[in-house]
Amino acid sequence: DQQVKQNSPSLSVQEGRISILNCDYTNSMFDYFLWYKKYPAEGPTFLISISSIKDKNEDGRFTVFLNKSAKHLSLHIVPSQPGDSAVYFCAASGDGGSQGNLIFGKGTKLSVKP
Amino acid sequence: GAGVSQSPSNKVTEKGKDVELRCDPISGHTALYWYRQSLGQGLEFLIYFQGNSAPDKSGLPSDRFSAERTGGSVSTLTIQRTQQEDSAVYLCASSEDSTNEKLFFGSGTQLSVL
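Here it is as structure tokens:
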């Protein structure tokens with residue numbers, strides 16, 4: 040049973056527009072959430088994170104929103120750029136980020152078209 | 014080194030053979046993780062090392078899988094009597110310590126079991 044779900048396997052967006060990637064989780068004990076970005080033939084790279092004590096965290100063009108009551112988080116990229124084209128993984132942790140076992144979703148492939 | 018290094022980058026083996034995958038973490042990072050990504054799936058946690066503590070082996074799928082970390086640095090993941098379902102990308106990651114959620118991933122080893 041998937042504890043972290045990314046229900047959209049792919050997303051296509053026009054350059055300059057907003058990209059919204061969604062993630063749902065089932066375990067209410069999760070208290071730290073992360074987004075990783077992965078290019079082909081490379082390992083995932085950390086993008087942005089959010090603690091459950093917050094509902095928003097912003098870093099440049101990237102903003103993560105957390106809705107604990109809905110067990111839902113989303114990653115907003117604005118404006119989207121062709122270089123943002125990659126697979127985005129949502130991940131969750133149940134011990135303030137200190138647990139070694141991050142639970143990852145299956146990823147969403149974002150394509151940003153020029 | 015500058016990043017997490019994994020070798021080999023690709024490995025093709027015959028069913029029933031043993032394989033060893035190597036990971037060189039970032040110098041000074043005390044936490045080391047192994048994940049795998051099967052086709053169309055998310056990242057599946059396998060095992061986690063933190064300093065000199067006993068590793069968290071809770072993600073290893075069977076007793077054919079084992080890993081060790083010598084001298085708190087290099088790690089080797091061994092798969093004995095490989096099966097076709099073992100085919101996946103095996104990713105190693107390291108972090109400064111177990112309280113730091115920011116994992117740095119290597120490029121992975123693509124394992125193909127024929």
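Respectively, the protein sequence lines represent chains A and B. Take 40 as the starting number for the first sequence in our numbering and just add one per residue. Take 14 as the starting number for the second sequence in our numbering and just add one per residue. Ideal Cβ placement from N, Cα and C applies to all residues, glycine included. Computed from a predicted model, the values in this text were never measured in an experiment.
According to DSSP, residue 97/B shares a beta bridge with no other residue. Interface criterion met: the Cβ of residue 140/A is under 7 Å from a Cβ in chain B. Of the residues 43/A, 57/A, 42/A, 47/A, the one whose Cα lies closest to the Cα of residue 118/A is 57/A.
In the DSSP assignment, the residues bridged to residue 49/B are 57/B, 103/B.
Secondary structure note for residue 130/A: its beta strand (DSSP E) is the uninterrupted segment 125-132. Annotation for residue 150/A: 49, 50, 51, 52, 124 place their beta carbon closer than 8 Å to its own, counting only its chain and skipping 5 residues before and after.
Non-local C-beta neighbours of residue 26/B in its own chain, meaning closer than 8 Å and more than five positions away in sequence, comprise 32, 95, 124, 125, 126, 127, ordered along the chain. For residue 54/A, no CB of chain B lies under 7 Å from its own CB, so it is not counted at the interface with that chain. At least one C-beta of chain A is nearer than 7 Å to the C-beta of residue 119/B. Taking the Cα of residue 101/B as reference, the smallest distance to any Cα among 41/B, 34/B, 16/B is reached at 34/B.
In the three-state scheme derived from DSSP, where H, G and I count as helix and E and B as strand, residue 84/A is classed as strand. At least one beta carbon of chain B lies nearer than 7 Å to the beta carbon of residue 82/A. From the beta-carbon of residue 132/A, the residues of chain B found nearer than 7 Å are 114.
The beta-bridge partner set that DSSP reports for residue 115/A consists of 59/A, 102/A. The beta-carbon of residue 96/B is placed no less than 7 Å from the nearest beta-carbon of chain A.
With the criterion set as a beta carbon lying under 9 Å from some beta carbon of chain B, the members of the stretch 53-74 of chain A are 71, 73, in sequence order. Taking 7 Å as the threshold, the shortest C-beta distance from residue 78/B to chain A does not fall below it.
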